[in-house]
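There are 2 protein chains.
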Amino acid sequence: MQLDEAKEKFIASWGSLGSNWGVSRTMAQVHALLMISEEPMSAEDVMGALNISRGNTNMSIRSLIDWGLVEKLHKLGERKEFFQAEKDMWKVATRIARERRKRELAPIMSVLEQVKEVEVSDGNKQEAGKFLKQMNEIENFASRIDRMMAKLDQADERWFSSLLSKFMKR
Amino acid sequence: MQLDEAKEKFIASWGSLGSNWGVSRTMAQVHALLMISEEPMSAEDVMGALNISRGNTNMSIRSLIDWGLVEKLHKLGERKEFFQAEKDMWKVATRIARERRKRELAPIMSVLEQVKEVEVSDGNKQEAGKFLKQMNEIENFASRIDRMMAKLDQADERWFSSLLSKFMKR
DNA sequence: TAAAACTTTCATAAATAATTGAAAGTTCGA
DNA sequence: TCGAACTTTCAATTATTTATGAAAGTTTTA
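So this is what it looks like as structure tokens:
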């Protein structure tokens, strides 16, 4: 396989992976492109390399910056902005985990809170009881995951690695 | 809040959560409905409760069975099939992890394998070297996650809990 | 074996999400 | 302050994903 071909393949498949991870396909492709680029690239460069529109390029880069996966920088003597990706996989993973915690876990936890306010009367005592029990179980689990992700966000990779090796022992 | 209202709210929000998790919205709603139903339900029941078409009901239930989140059962003396959801959150989470490992991790690992076959010539030695280094890092990370998920799939909840508490200590 | 009861399929339709590109906005240097 | 260089916005379009429901298929019972 030629190098260019390999790069394209990686970009395409990172793109489809992304679409399963709450990162849109193009967004993930831009990230992939920047990950394998040796130099920071301008919006124009990205646009050309992936053959996408100016607007889409801008939106994708913007979201990647929001997610903390790409950073903007300025080259001396250049007017244009350049972008470079976070290449460290540990950081990439924790950034994604952080965003998803915010976007997904938070809303479900809030619904679980609300739903527990249900009125219990004589008539529905048993049914409501079972419902509440189920809701509590879910909330319990969700909040464990939530705390875990919050921790992960602060943690560093070495700590995680050592945990992982304990994890794999048994 | 009334009980019915609370149930609807839970179903709706479980649905939108699902759509972020590779489970389609309706599929997740059916799962939610079955989780809070005290009795197993028939396809007809589900169709009525969620106001969705016969075809969609069938497809959603079928996928849930594939994912291992719902099981089919027969009531004595009834011709119809009934369905009941896995209600234990630990099992729900491990089933989802198992499917996603299969659907997402596996393909990217295979691409990483392929891409490492890239031809290195004198001309692109340096560039190819950096590319390969990057691919190796990603593969390394991915395979750690992969092994972790494989382990999770076999593990039981108590073990996970004790790990989690170690995890939360530091 | 017929027909009723139930389940599955699949072409088409509807809903949702992503993309385009021209126009408007912004920033910077002279 | 002007205008060139660059960035952002957003209404309209295009692509992708889901849902529908009538028709075909299957199983069971009488």
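In the order they appear, the protein sequences are chains A and B.
All you need for this note's numbering is the position in the first sequence, starting with 1, plus 21.
All you need for this note's numbering is the position in the second sequence, starting with 1, plus 21.
Beta carbons: idealized from backbone N, C-alpha and C, even for Gly.
{"Item": "What are the residues in the segment 43 to 62 of chain B lying within 8 Å of chain A by C-beta distance?", "Value": "G43, M56, I57 and E59"}
{"Item": "Alpha carbons only, please: which of A/R165, A/I129, A/S186 and A/S183 is nearest the one belonging to B/K30?", "Value": "A/I129"}
{"Item": "First and last residue of the alpha helix (DSSP H) that includes B/A64?", "Value": "A64 to L71"}
{"Item": "Considering B/E92, what are the terminal residues of the alpha helix (DSSP H) in which it resides?", "Value": "Taken as a continuous stretch (DSSP letters only), B/E92 belongs to no alpha helix (DSSP H), being part of the beta strand (DSSP E) at V91 to H95."}
{"Item": "Strictly under 7 Å for the Cβ-Cβ distance: is A/V91 near chain B by that measure?", "Value": "no"}
{"Item": "For A/A106, which residues does DSSP report across the bridge?", "Value": "A/V91"}
{"Item": "Could you tell me which chain A residues have their CB closer than 9 Å to the CB of B/N157, listed as they occur along the chain?", "Value": "The contacting residues do not exist; B/N157 stays about 11 Å from chain A at best."}
{"Item": "Closest to A/E178 by CA distance: which of A/M156, A/T115, A/V141 and A/E148 is it?", "Value": "A/T115"}
{"Item": "Can you check whether the C-beta of B/V67 is within less than 7 Å of a C-beta belonging to chain A?", "Value": "no"}
{"Item": "Quick check on this structure: which residue in A/E65, A/S81, A/G76 and A/S74 has the alpha carbon closest to the alpha carbon of A/A53?", "Value": "A/S81"}
{"Item": "Could you spell out the range, first to last residue, of the alpha helix (DSSP H) harbouring B/W180?", "Value": "E178 to K190"}
{"Item": "Would you kindly check if the distance between the Cβ of B/I86 and the Cβ of A/F152 is under 7 Å?", "Value": "no"}
{"Item": "Report yes if the C-beta distance between A/G43 and A/R121 is below 7 Å; otherwise report no.", "Value": "yes"}
{"Item": "Determine, for A/A149, whether the minimum Cβ-Cβ distance to residues of chain B falls below 7 Å.", "Value": "yes"}
{"Item": "Using DSSP with H/G/I as helix, E/B as strand and the rest coil, what is A/W111?", "Value": "helix"}
{"Item": "At a CB-CB cut-off below 7 Å, which residues of chain A make contact with B/S84?", "Value": "Near B/S84 there are no residues of chain A at all, since even the closest Cβ is about 16 Å away, more than 7 Å."}
{"Item": "Which residues in the same chain as B/V141 place their Cβ atom closer than 6 Å to its Cβ, once the five residues preceding and following it in sequence are excluded?", "Value": "A149"}
{"Item": "Is the shortest distance between the beta-carbon of A/I129 and the beta-carbons of chain B less than 7 Å?", "Value": "yes"}
{"Item": "Which of helix, strand or coil does DSSP assign to B/W35?", "Value": "helix"}
{"Item": "Terminal residues of the continuous alpha helix (DSSP H) containing A/N161?", "Value": "K146 to Q175"}
{"Item": "Do the segment 86 to 97 of chain A and the segment 132 to 147 of chain A meet, that is, are 3 or more Cβ pairs less than 8 Å apart?", "Value": "no"}
{"Item": "Return helix, strand or coil for B/P128, following the three-state DSSP convention.", "Value": "helix"}
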